[in-house]
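Numbering follows our numbering, in which position 400 of the sequence shown is assigned residue number 400; successive positions increment by one, without gaps. Yeah, the Cβ is synthetic: ideal placement off N, Cα and C, and Gly gets one too. All values reported here derive from a predicted model rather than from experimental measurement. Presented below is the structure to which this report refers.
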Amino acid sequence: MNFISTRGGERATGAEAIVRGIAKDGGLFVPEVFPEVSEEELVRMLAMDYPERASLVLHKYLDEYEENELLAALKEAYAKFDDGDPAPLVKVENGMYMLELFHGPTCAFKDMALTVLPYLLRKGCDILGIKEQILILVATSGDTGKAALEGFKDADGVKIMVFYPDDGVSKMQKLQMCTQDGENVNVVAVKGNFDDCQTGVKKIFKSEACVSKLLEKGVRLSSANSINFGRLAPQIAYYFSAYLDLVSSEQITMGDKVDFTVPTGNFGNILAAYYAKQMGLPVGKLVCASNKNNVLTDFFTNGRYDSKRPFYRTMSPSMDILVSSNLERLIFELSGRDGAVTAQRMKKLSTDGRYEISASEMKNLSQEFYAGFTSEDDTIECMYEFFTEYGYPMDTHTGVAMNVAVQYSDKMQDEFGAEVHPMVVVSTASPYKFPQDVLYALTGNDVKDSFKGIKRINLLTAMKVPESLKALRYKTLRFKASVSADKMFDEVLKFI
Ligand SMILES: *Cc1c(COP(=O)(O)O)cnc(C)c1O
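This is the structure we're talking about:
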């Protein structure tokens with residue numbers, strides 16, 4: 001399968017798309033066509049375990065990767081998760097399910113892809129005959145950084161450097177990153193918000209001066225951010241798996257449509273659901289949930305993307321994003337895969353901070369997606385209600401998604417004759433990853449310390465505390481550097 005850039009022209013193989021991360025023209029790599037999964041294949045997948053299902057989906061895109069080896073890598077990656085099943089589906093009530101993606105090494109859904117990406121990248125380099133050392137640069141709003149560090153620590157021929165916004169991540173996320181072990185890792189705080197971090201990293205990738213300076217030193221850049229197709233591909237698999245689990249447990253019959261609600265930041269997770277739908281998975285609506293940073297809600301409602309607005313820090317920091325990079329892939333599809341139009345819009349976004357789509361594109365968009373957002377108070381209320389009513393504790397990001405899922409379902413019930421599908425809400429982090437906010441939501445109590453929060457939630461919910469979070473308390477802080485955004489490349493040069 002070949003890949004093309006969203007900004008026209010440039011082509012790449014799967015291995016090239018993954019190793020390079022981003023096209024030379026600044027565009028994102030997308031498959032030349034969407035591979036299909038037939039109903040007969042779906043039936044066959046019912047009997048498969050998670051790695052087998054994922055292997056079938058991934059191999060359709062990455063056909064130059066040897067299938068048995070890919071399967072072995074997926075088995076190894078998902079063996080790092082609790083309990084055998086990396087993506088369990090939990091029924092909350094009739095027609096309402098949670099897809100739990102937080103049972104990996106760092107307790108957030110980023111592990112689903114970042115435990116697999118090191119293999120995809122290393123093998124990609126082998127396929128392409130690349131001998132240089134690889135340097136992974138990551139901009140993180142909190143969860144990607146830790147998951148990438150865990151995934152790549154002590155990997156051969158790879159170094160990894162993570163930039164996070166100094167005041168834009170939770171205490172637990174910061175602690176997770178700054179205590180990271182591994183000889184090949186570095187973590188640096190950037191003064192600013194996530195968008196400043198992301199822009200800084202993108203600048204390094206785009207700068208020929210930076211890239212050639214690194215090549216002189218035998219170092220080649222690659223990215224582990226969600227714009228890398230190697231991040232997107234493993235995420236497509238869990239939408240298939242969730243659907244198949246609903247069929248297996250006789251909640252639906254094969255062919256029935258299912259809706260998904262996804263707590264959204266950089267638009268990677270929900271885009272994977274859209275890709276699954278393009279491949280033939282019977283998906284109804286995709287519900288895009290945002291927090292107070294509701295740039296996507298506005299876009300999906302009026303067709304205007306406008307990043308020029310106040311930035312809010314919320315208790316769902318992984319969604320505090322005003323420029324959702326992966327949206328470019330959706331814009332490309334909406335435009336009828338027009339690279340020139342997409343390039344123009346992205347240019348407008350970077351110069352004016354805004355762009356808009358046409359009325360007919362808007363119509364197509366609203367057929368596929370519904371978007372909503374919540375306030376902090378309503379998120380807390382929703383988390384409290386679901387715990388009180390169903391005994392189900394959820395993290396703050398999932399709380400945002402649940403609130404919007406309920407908004408959507410209320411709206412459907414008001415609409416006469418609307419077709420109602422079962423709803424799967426994607427649960428992206430363990431409640432223990434944001435313990436103070438979660439405890440506050442469930443009980444109204446404030447605790448000063450994250451570990452006290454963990455203990456209290458454990459007493460309240462009897463939910464098992466992930467070992468990796470417990471262990472954090474006794475680890476030493478390794479990384480303390482904090483720089484301004486224009487000094488990021490200097491830090492890179494110091495590190496290599
Ligand atoms: C990254 C993240 C999100 C947002 O996912 P995107 O793919 O960036 O839209 C939501 N919740 C949590 C817990 C995350 O870590």
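Check	Outcome
Measuring from the CB of residue 267, is there a heavy atom of ligand 1 at a distance below 7 Å?	yes
Would you please state the rounded distance, in angstroms, between the beta carbons of residue 204 and residue 489? I believe it to be under 8 Å.	5 Å
In the DSSP assignment, what are the bridge partners of residue 363?	Residue 363 is not bridged to any residue.
Which residue's Cα is closest to the Cα of residue 392: 482, 92 and 223?	92
Do the region 234–250 and the region 384–391 make contact, defined as three or more Cβ pairs closer than 8 Å?	no
Shortest alpha-carbon distance to residue 331 belongs to which of 76, 323, 342 and 132?	342
Which term fits residue 482, buried or exposed, when burial requires 16 or more other beta carbons within 10 angstroms of its beta carbon?	exposed
Here's the rule I'm using: 16 or more other beta-carbon atoms within 10 Å means buried, otherwise exposed. How should residue 309 be labelled?	exposed
I need the boundaries of the beta strand (DSSP E) containing residue 492, first residue and last residue.	Careful: residue 492 lies outside any beta strand (DSSP E), inside the alpha helix (DSSP H) at 488–495.
Let me check you understand the geometry: is the CB of residue 207 closer than 7 Å to at least one non-hydrogen atom of ligand 2?	With respect to ligand 2, the structure offers nothing, as its ligand set consists of ligand 1.
Is it a yes or a no for the region 345–358 touching the region 295–311, going by three-plus beta-carbon pairs under 8 Å?	yes
Express the C-alpha separation of residue 269 and residue 126 in angstroms, rounding to a whole number.	28 Å
Evaluate residue 333 with the Cβ neighbour count: other Cβ atoms within 10 Å of its Cβ, from every protein chain shown; 16 or more gives buried, anything less gives exposed.	buried
For the structure I just gave you, are there three or more beta carbon pairs, one from the region 281–292 and one from the region 310–325, closer than 8 Å?	yes
Given 7 Å as the limit, tell me if residue 81 has its C-beta closer than that to any heavy atom belonging to ligand 1.	no
Suppose the cutoff is 6 Å on Cβ atoms and the five residues either side in sequence are ignored; what does the same chain contact list for residue 106 look like?	146, 147 and 150
Are the CB atoms of residue 265 and residue 319 nearer to each other than 8 Å?	yes
Closer than 7 Å: is that where the CB of residue 227 sits relative to any heavy atom of ligand 1?	no
Just list the residues that DSSP pairs residue 108 with in beta bridges.	429
Excluding the five sequence neighbours on either side, which residues of its own chain have a C-beta within less than 6 Å of the C-beta of residue 275, listed in chain order?	236
Should the region 214–227 be called in touch with the region 322–330, which here means at least 3 C-beta pairs below 8 Å?	yes
Return the chain-ordered ranges of every beta strand (DSSP E) run that is complete within the region 252–283 and spans a minimum of 3 residues.	258–263
Hey, quick one: how far does the alpha helix (DSSP H) through residue 291 stretch, first residue to last?	Where residue 291 is concerned, there is no enclosing alpha helix (DSSP H), given that its DSSP letter is neither H nor E.
Could you check the C-alpha separation between residue 190 and residue 494 for me, to the nearest Å?	16 Å
Beta carbon of residue 54, beta carbon of residue 234: below 8 Å?	yes
Compare the beta carbon distance of residue 132 and residue 231 with 8 Å and say whether it is the shorter of the two.	no
I'd like to confirm the pairing. Which residues does DSSP put opposite residue 191 in its beta bridges?	484
What residue does the alpha helix (DSSP H) around residue 379 start on, and which one ends it?	376–390
Is it true that the CB of residue 42 sits closer than 8 Å to the CB of residue 279?	no
Does the count of Cβ pairs from the region 110–124 and the region 80–88 closer than 8 Å reach three?	yes
Taking only the alpha-carbon atoms, compute the straight-line gap between residue 137 and residue 486 and give it to the nearest angstrom.	15 Å
Determine the direct distance from the alpha carbon of residue 271 to that of residue 351, and round the result to whole angstroms.	25 Å
Just to confirm before moving on: does the CB-CB distance between residue 123 and residue 65 stay below 8 Å?	yes
Suppose you measure from the CA of residue 25 to the CA of residue 340; what does that come to, to the nearest Å?	11 Å
For residue 414, count neighbouring C-beta atoms within 10 Å of its own C-beta (all shown protein chains included) and say buried if the count is 16 or more, exposed if not.	exposed
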